[in-house]
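Its first residue numbered 1, the sequence shown is counted upward by one per residue in UniProt numbering. For glycine and all other residues, C-beta sits at the position ideal for the given N, C-alpha and C. One structure is given here, and the rest of the page talks about it.
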Amino acid sequence: MFNKPSLISAVSNCLRLCNQKIAPVLGRGFHGLTVSQPATGLAAPMGQVDSKFLAPVTSIVSQIAGFKVKGHLKKRCKDCYFVVRQERLYVICPTHPRHKQMSMQKKDYNQWILTHATQSKVRPY
């Protein structure tokens, strides 16, 4: 059916091309998309670990204060100010990010305008 070395080289070439196209977009490559050589049955020596998956991951966690969702917004310091964006009221504070607040979103059924009302035992909808 398929020759194993040619299939592996075809998959390897395809992944290499995908990695070259995607890496500039993401700013880094997909190290998981690389195809290693077929296993020969020999174990690697104990001190030599060549897998990037086993390398320690060092991630930098940036702590960002999210918005508090409130029904009634208040300025908490002299630097806080109100902003209206996308039909919501926000409180933004450049000096204390923990002061950020966002108003609750209005529910649609509270905003309906009734054009007429009918009374019947069975509702038409």
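Closest Cα partner of residue i within the set the options
{"i": "Q101", "options": "L7, S120, V122 and V83", "result": "V83"}
{"i": "residue 161", "options": "P97, L7, Y109 and E87", "result": "What the structure shows of the chain is the stretch from 1 to 125, and residue 161 is not part of that stretch, so it cannot be assessed."}
{"i": "M104", "options": "L15, R123 and G71", "result": "G71"}
Residue i, buried or exposed, once every other Cβ within 10 Å from all chains shown has been counted against 16
{"i": "V91", "result": "buried"}
{"i": "K106", "result": "exposed"}
{"i": "T34", "result": "Because the pLDDT of T34 is 49, which lies under 50, any placement of that residue in the model is unreliable, and the number read from its coordinates should be weighed accordingly. Under this definition T34 is an exposed residue."}
Beta bridge counterpart(s) of residue i as assigned by DSSP
{"i": "K70", "result": "S103"}
{"i": "L89", "result": "V84"}
Cut-off 7 Å between Cβ atoms - residues of its own chain near residue i, not counting five sequence neighbours on either side
{"i": "S36", "result": "Note that S36 scores 49 on pLDDT, short of 50, meaning its location in the model is unreliable and no value can be drawn from it."}
{"i": "E87", "result": "none"}
Contacts around residue i, its chain only, beta-carbon distance under 6 Å, and the 5 residues preceding and following it disregarded
{"i": "K68", "result": "Q101"}
Exercise. Would you call the segment 113 to 121 and the segment 72 to 86 touching, i.e. three or more CB-CB distances under 8 Å?
Worked result: As far as the Cβ criterion goes, the segment 113 to 121 does not touch the segment 72 to 86, which means the pair count is below three.
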